[in-house]
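The numbering of the sequence shown is UniProt numbering, which starts it at 1 and goes up by one. Note that beta-carbon positions come from the ideal geometry of N, C-alpha and C, so glycine has one too. What follows is a single structure, written as structure tokens, with notes after it.
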Amino acid sequence: MSSESTHPTPDPDESGLKQYVEEQLFGNSMGTLSDHVARKAALGDSRRYAILYYLWDREEVARKELASAIDDPQFDLTHHLGKLIEAGLVARTGAPEDEDSRQTFYRITHIGRQEVASDIENVTGSKPQ
């Protein structure tokens with residue numbers, strides 16, 4: 001790294017480094033480094049990532065459809081959806097007007113869409129449609 005960098009050098013201790021990243025990466029946005037790390041941790045499980053991608057592709061899905069798509073009786077859908085909701089990637093919603101109101105629906109959040117779109121661009125080299 002050049003000594004002509006326009007960024008201030010972070011304090012070498014851990015709290016200084018975290019503060020530096022907070023300011024550089026999240027200074028003008030909502031969220032924190034901890035939020036970002038929590039989202040990445042939630043996506044660290046391939047099954048949760050698959051759920052997020054499925055929602056990205058379909059916008060809003062009934063729990064029943066998600067369970068059917070996974071097709072694994074050992075899979076704890078409630079646990080994994082909880083992790084995605086906690087990370088702010090997925091939201092629980094009410095049923096659309098034309099659906100059974102007793103069903104629970106899930107939709108991808110704006111930040112969830114950004115995560116998937118960024119990954120698509122990084123993997124394919126082109127922006128998703």
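6 Å Cβ shell around residue i - same chain, five flanking residues per side excluded
{"i": "Phe-105", "result": "Glu-60, Ala-62, Thr-93, Ala-95"}
{"i": "Ala-67", "result": "Leu-77"}
{"i": "Gln-19", "result": "none"}
{"i": "Lys-127", "result": "Glu-121"}
CA nearest to the CA of residue i, picked from the options
{"i": "Ile-111", "options": "Glu-121, Asp-45, Trp-56, Gly-82", "result": "Trp-56"}
{"i": "Asp-100", "options": "Gly-88, Ala-42, Tyr-49, Lys-64", "result": "Lys-64"}
Same chain, Cβ closer than 7 Å to residue i, neighbours up to 5 away in sequence not counted
{"i": "Gly-125", "result": "none"}
Residues near residue i in its chain [Cβ-Cβ closer than 8 Å; skip 5 each side]
{"i": "Val-90", "result": "Ile-51, Leu-52, Leu-55, Leu-81, Leu-84, Tyr-106, Arg-107, Ile-108, Thr-109, Gly-112"}
{"i": "Val-123", "result": "none"}
Contact check, residue i vs residue j, beta carbons under 8 Å
{"i": "residue 145", "j": "Leu-43", "result": "Residue 145 cannot be examined here, being either before or after the span of the chain that is shown, 1 to 129."}
message: I'd like the ranges of any beta strand (DSSP E) spanning at least 3 consecutive residues and lying wholly in the UniProt domain "HTH arsR-type" (38–122).
response: 60–62, 90–93, 105–108
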